[in-house]
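Student:
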Amino acid sequence: MTKKRLLREIAAEVYGEERARKIWSRIDIIGDIAVIKKPFDISIEELKPLAEALLQRLPYVKSVWAASSPIEGEYRIRRFTHLAGERRTTTLYKEHGCVFKIDITRVYISPRLSTEHKRVAEQVRPGEVVVNMYAGAGLFSIIIARHAKPKRVYSIDINPYAYQLMVENVKLNKVEEVVIPMLGDAGKIVGKDIRNEADRVLMPLPELALQHLPNAVDALRGGRGVVHVYLHVFAEKGVDPRRKAVQLIEERLAEIGVKNYEFLLARVVRTVGPRKSQVVVDLKVNEST
């Protein structure tokens with residue numbers, strides 16, 4: 124039985140089929156911690172029977188928490204409420220042969236980006252210089268270093284707790300010679316301290332990607348390279364969120380005077396709300412001026 128099907132079955136046993144539909148897809152397993160993103164119309168107390176069921180049915184789960192707020196603040200973290208099991212928020216999370224030390228209260232992480240981590244890593248060519256503008260605990264950066272052969276990966280985050288975890292994870296995965304953790308504001312670092320050097324730039328922070336797109340373009344070597352732009356797109360009924368994401372990027376490129384470019388791909392990564400999608404657009408800049 125797949126993990127998705129098992130979570131659906133556990134939720135249905137606790138709540139019944141109809142109510143379970145609101146909940147089972149909101150469960151993430153991060154290492155040995157289960158996180159339930161609380162629906163607005165279900166109380167914390169109502170989630171506790173599900174938390175106990177997860178502990179009983181999933182022997183690898185030792186702690187269950189409710190994500191009781193949206194992603195907030197400069198560091199992009201949530202508030203959490205303990206539901207069952209150990210009162211511990213740190214864990215070791217494994218993905219694509221790499222291991223990451225994570226504290227769910229200190230750094231943003233989503234196992235739902237696992238496919239995207241591997242997809243991007245598979246595009247990196249030997250010898251590339253990669254810039255990850257919003258690296259968190261280092262998942263994109265380290266998976267690229269382990270699965271491709273980049274020359275260097277600049278891995279930047281403004282959150283000091285995320286930076287410390289990233290430093291530990293770089294050592295844990297033995298990629299110190301490739302991944303360079305950097306603490307600071309990517310909008311100030313990229314395009315200034317890192318300029319005319321990158322072959323590829325990752326922008327996995329939808330809230331800032333359009334704002335910082337000029338910085339990413341300035342970081343490209345000779346004004347040429349690939350930028351992976353992640354956006355949250357609200358699409359009205361009948362509107363393709365991929366096309367809307369491309370349009371937003373086209374408008375931003377026009378504002379900054381970039382004319383010679385092409386779109387390699389636009390895909391919906393996941394749904395993040397009613398008619399709201401996270402979309403990634405792979406942008407190839409052929410000439411920045």
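Per my numbering, the very first residue in the sequence shown carries number 124; after that it's consecutive. Glycine included, each C-beta is placed from N, C-alpha and C at the ideal position.
From this set, 149, 345, 321, which residue's C-alpha is nearest residue 193's C-alpha?
Tutor: Counting from 1 along the sequence shown, the entry for residue 193 is found at position 70. The residue with the shortest Cα to Cα distance from residue 193 is 149.
Student: Tell me which same chain residues have a C-beta within less than 7 Å of the C-beta of residue 323, skipping the five on either side of it?
Tutor: Reading the sequence shown from its first residue, position 200 is the one you call residue 323. Closer than 7 Å at Cβ, skipping near neighbours: 247, 251, 253, 348, 349.
Student: Since residue 277 sits in a beta bridge, which residues does DSSP pair it with?
Tutor: Position 154 of the sequence shown holds residue 277. According to DSSP, residue 277 bridges with 254, 303.
Student: Taking the alpha carbon of residue 355 as the reference point, which residue from 393, 146, 388 has its own alpha carbon closest?
Tutor: Counted from its first residue, the sequence shown places residue 355 at position 232. Ranking 393, 146, 388 by Cα distance to residue 355 puts 393 first.
Student: Please work out which residues of its chain come closer than 7 Å, Cβ to Cβ, to residue 171, disregarding the five sequence neighbours upstream and downstream, and give them in chain order.
Tutor: Counting from one through the sequence shown, the residue named residue 171 turns up at place 48. Within the same chain, residue 171 has close Cβ partners 206, 207.
Student: Should residue 412 go down as buried or exposed, given a rule of 16 or more other Cβ atoms within 10 Å for buried?
Tutor: The residue labelled residue 412 in the question sits at position 289 within the sequence shown. Residue 412 should be labelled exposed.
Student: Which same chain residues, not among the five before or five after residue 351, have their C-beta less than 8 Å away from its C-beta?
Tutor: Numbered from its first residue, the sequence shown carries residue 351 at position 228. So the list reads 243, 323, 324, 325, 326, 327, 403, 404, 405, 406, once near-sequence residues are dropped.
Student: Would you please state the rounded distance, in angstroms, between the beta carbons of residue 301 and residue 261? I believe it to be under 8 Å.
Tutor: Locating residue 301 in the sequence shown gives position 178, where the first residue counts as 1. Locating residue 261 in the sequence shown gives position 138, where the first residue counts as 1. That pair is no contact at about 11 Å.
Student: So residue 291 and residue 224 are in contact, right, with Cβ under 8 Å, and what is the actual spacing, rounded?
Tutor: Locating residue 291 in the sequence shown gives position 168, counting from the first residue. Locating residue 224 in the sequence shown gives position 101, counting from the first residue. Indeed, because the Cβ distance is near 5 Å, the residues count as touching under 8 Å.
Student: Determine whether the beta carbon atoms of residue 234 and residue 363 lie at a separation below 8 Å.
Tutor: Translated into positions along the sequence shown, residue 234 becomes position 111. Translated into positions along the sequence shown, residue 363 becomes position 240. Taking 8 Å as the Cβ cut-off, residue 234 and residue 363 do not qualify as a contacting pair.
Student: Give every residue of the same chain whose Cβ lies closer than 8 Å to the Cβ of residue 295, excluding the five residues on either side of it in the sequence, and list them in chain order.
Tutor: Within the sequence shown, residue 295 is the residue found at index 172, counting from 1. Same-chain partners within the cutoff: 222, 223, 224.
Student: Identify the residues that DSSP records as bridge partners of residue 396: which are they?
Tutor: Position 273 of the sequence shown, counted from the start, is the residue given in the question as residue 396. Its beta-bridge partners are 399.
Student: Rounded C-beta distance between residue 314 and residue 341? I'm assuming under 8 Å.
Tutor: Here residue 314 refers to the residue found at position 191 when the sequence shown is read from its first residue. Here residue 341 refers to the residue found at position 218 when the sequence shown is read from its first residue. Between residue 341 and residue 314 the Cβ distance is about 3 Å, and since that is below 8 Å, they are a contact.
Student: Would residue 173 and residue 230 qualify as a contact pair, given that the criterion is a beta-carbon distance under 8 Å?
Tutor: In the sequence shown, residue 173 corresponds to position 50, counting from 1. In the sequence shown, residue 230 corresponds to position 107, counting from 1. No, the pair does not count as a contact, with Cβ atoms beyond the cut-off.
Student: Checking the sheet assignment: what are the DSSP bridge partners for residue 383?
Tutor: Residue numbering aside, residue 383 sits at position 260 when the sequence shown is read from its first letter. 410.
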